[in-house]
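In our numbering, the protein residues as written are 21 to 346. For each residue, glycine too, the CB sits at the ideal point set by N, CA and C. If you're wondering where the values come from, they're calculated on a predicted model, not measured in any experiment. Here's the structure we're looking at; comments come further down.
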Amino acid sequence: MKTQITELFGIEHPIIQGGMHYVGFAELAAAVSNAGGLGIITALTQPSPDALAREIGRCREMTDKPFGVNLTFLPSRNPPDYAGYVRAIVDGGVRIVETAGNNPQQWLPALHEAGIRVIHKCTSVRHALKAESIGCDAVSVDGFECGGHPGEDDVPNFILLPRAADELRVPFVASGGMADGRSLVAALAMGAAGINMGTRFVATEEAPVHRKVKQAIVAATELDTRLVMRPLRNTERVLNNAGVERLLEKERRLGADITFSDIVEEVGGVYPRVMQDGNLDAGAWSCGMVAGLIQDIPRIGDLIDRIMRQAEEIVATRLQGMLSRG
Ligand SMILES: Cc1cc2nc3c(=O)[nH]c(=O)nc-3n(C[C@H](O)[C@H](O)[C@H](O)COP(=O)(O)O)c2cc1C
Numbered sequence: 021m022k023t024q025i026t027e028l029f030g031i032e033h034p035i036i037q038g039g040m041h042y043v044g045f046a047e048l049a050a051a052v053s054n055a056g057g058l059g060i061i062t063a064l065t066q067p068s069p070d071a072l073a074r075e076i077g078r079c080r081e082m083t084d085k086p087f088g089v090n091l092t093f094l095p096s097r098n099p100p101d102y103a104g105y106v107r108a109i110v111d112g113g114v115r116i117v118e119t120a121g122n123n124p125q126q127w128l129p130a131l132h133e134a135g136i137r138v139i140h141k142c143t144s145v146r147h148a149l150k151a152e153s154i155g156c157d158a159v160s161v162d163g164f165e166c167g168g169h170p171g172e173d174d175v176p177n178f179i180l181l182p183r184a185a186d187e188l189r190v191p192f193v194a195s196g197g198m199a200d201g202r203s204l205v206a207a208l209a210m211g212a213a214g215i216n217m218g219t220r221f222v223a224t225e226e227a228p229v230h231r232k233v234k235q236a237i238v239a240a241t242e243l244d245t246r247l248v249m250r251p252l253r254n255t256e257r258v259l260n261n262a263g264v265e266r267l268l269e270k271e272r273r274l275g276a277d278i279t280f281s282d283i284v285e286e287v288g289g290v291y292p293r294v295m296q297d298g299n300l301d302a303g304a305w306s307c308g309m310v311a312g313l314i315q316d317i318p319r320i321g322d323l324i325d326r327i328m329r330q331a332e333e334i335v336a337t338r339l340q341g342m343l344s345r346g
């Protein structure tokens, strides 16, 4: 299957693995890229630019296919050394960067001068248009169902994707709720040139996280996610657990007076405890509604082959059959 996204990034299948904190290590990125998709290392999981440089080197030892790096710009009083991370990406010869969070404008000249393609992930048509106008090469459009930060507009992909298709000139991928060949065909039908998946890639053999995390995603249904930090306008979709219920109770009790320091126990430093130690109740960790569609823990090569086979079957047999019967 050839799309604007496979052409732009030089990949075989139009499937991207989105950046994921404490999941997007070299092992995952290399496995996705080796399977013909686009794997992405998450920069901020690495404690320093030097550590990111080493992670990029490790990834290159595991794959000779294209892979990318995610740079997430978070609201922070004590911002990470973004200039250092950008240098590590450029010096490491990475060709693709996924930006997310705030506007990436400040970093685009350095990335583009190095010949790097930038795909910006955002949750609204207005932010997607902004990304296009500042020169991003592609956009990843994250619907309300997504794991992680869905923004504050709450527009699901059945509306958001065709709206994006009507407005954007750069190619875009559908993100949020994508799991299988049905998702891929639906995304293409709505004008996207591929899909970006987060939660689905966590529940795979190669994802370098505790087995309990994968099993929790398989056990979860589409009813088991919650939105946290809405009062702080930093909404995150997470898997429900004891820590999340404690957090939501604080949000109810403190109302508009709530501050980040009130909930630091449930949202600060949670990822290593969940992803590495398997302490699932440590606090809030991202998970999409798509958990309801995830029933197994496959190898990534098998997952991607299955998605592509199912997509081709839907187009060539199911949809084509409907037309020819007419
Ligand atoms: C455990 C987890 C951690 C994530 N961490 C990040 C992150 O650090 N930066 C980022 O841009 N997106 C992050 N995301 C969002 C994903 O890249 C992707 O956009 C999202 O998961 C898509 O929705 P889906 O889970 O329905 O596939 C994370 C998602 C998950 C599930």
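Sequence-distant Cβ neighbours of GLY167 in its own chain, meaning closer than 7 angstroms and more than five residues away, are GLY218, THR219, ARG257, SER306, CYS307 and GLY308.
Contact between GLY56 and GLN37 does not hold, since their C-beta atoms are separated by about 12 angstroms, which reaches or exceeds 8 angstroms. Ranked by Cα distance from ALA311, the first of ALA46, ALA207 and VAL233 is VAL233. Of all C-beta pairs linking the stretch 70 to 87 to the stretch 245 to 253, fewer than three are shorter than 8 angstroms, placing the two stretches out of contact. Judged by pairs of C-beta atoms under 8 angstroms, the stretch 150 to 163 does not touch the stretch 288 to 297, as fewer than three such pairs exist. Beta-bridge annotation (DSSP): MET217 is paired with GLN37.
Non-local beta-carbon contacts of ALA134 in its own chain, meaning distances under 6 angstroms to residues more than five positions away in sequence, involve VAL110 in chain order.
Annotation: the continuous alpha helix (DSSP H) that includes VAL294 extends over 290 to 295. In the DSSP assignment, the residues bridged to HIS140 are THR119 and VAL159.
Between the alpha carbons of ILE35 and GLY214 lies a distance of about 6 angstroms. Straight across, the Cα-Cα distance linking VAL335 with LEU208 is about 11 angstroms. Of ALA199, ALA51, ARG189 and PRO228, the smallest CA-CA separation from ILE327 is found for ALA199. Under the three-state reduction of DSSP, VAL43 is assigned to coil, being neither helix nor strand. DSSP places THR26 in the uninterrupted alpha helix (DSSP H) bounded by 24 to 29. Looking at the backbone, the Cα of GLU265 and that of ASP297 are separated by about 20 angstroms.
For LEU268, no beta strand (DSSP E) segment is defined; the enclosing uninterrupted segment is the alpha helix (DSSP H) at 262 to 274. Distance check between ALA227 and each of ASN122, GLY30, ALA46 and MET249 places ALA46 closest, using alpha-carbon atoms only. Linking GLY211 to THR279 through their CA atoms gives a straight-line distance of about 40 angstroms. Per the coordinates, the alpha-carbon of GLU225 lies some 23 angstroms from the alpha-carbon of ALA302. Placement of the Cβ of ASN260 at a distance of 7 angstroms or more from every heavy atom of ligand 1 is found.
For PHE192, the secondary structure class from DSSP, reduced to helix, strand or coil, is strand. Taking GLY121 as the centre and dropping the five residues before and after it, the same chain places the C-beta of THR92, PHE93 and LEU94 closer than 7 angstroms to its C-beta, in chain order.
Taking 8 angstroms as the cut-off, the Cβ atoms of PRO124 and HIS140 count as close.
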